[in-house]
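In the numbering used here, the protein residues as written are 1 to 139. Below: one structure, written as structure tokens.
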């Protein structure tokens, strides 16, 4: 018999906190209609949110391929919509404007990179081609 080679570090779930956090978020999304199971999954997910300093509600709509490069200090409003293959770094705040002409939440298009300590607040659409993303996200 051939022996299976072990992955260095023991595998993704135990070694990568970002992967673990997003895995539990996806489980909450998948089972949101099964109340008892959702409650159990949400408690585990919430514990990980507190442990890693990330406020990313389970109800936030996020496309596949979303990646958190570095944990800690990440805050995302539950009404924000994030497209596929987006990356965010530590200290990012994506939030809701409650008054004025930009009242509402941002929509992040596909393949957008949001750097460390960026603050995106108010109704706007950010895409990798838009001048808005270069204006608001470069600091």
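Glycine included, C-beta positions come from ideal geometry on N, C-alpha and C.
Asked                                                                                                                                                                                    : Found
Any idea what DSSP makes of residue 111, helix, strand or coil?                                                                                                                          : coil
For residue 97, which of helix, strand or coil comes out of DSSP?                                                                                                                        : strand
On the DSSP bridge list, what partners appear for residue 92?                                                                                                                            : BP columns for residue 92 are empty, so no partner.
Could you name the residues of the same chain whose beta carbon sits closer than 8 Å to that of residue 64, not counting the 5 residues immediately before and after it, in chain order? : 84 and 85
Helix, strand or coil: how does DSSP classify residue 39 here?                                                                                                                           : helix
Any idea if residue 36 is buried or exposed, counting beta-carbon neighbours within 10 angstroms, 16 or more meaning buried?                                                             : exposed
Whole angstroms is fine: what's the gap from residue 24's alpha carbon to residue 72's?                                                                                                  : 17 Å
Whole angstroms is fine: what's the gap from residue 81's alpha carbon to residue 20's?                                                                                                  : 21 Å
Since residue 26 is in the alpha helix (DSSP H), which residue starts that stretch and which ends it?                                                                                    : 17-30
Tell me which residue opens and which closes the beta strand (DSSP E) that residue 121 is part of.                                                                                       : 119-121
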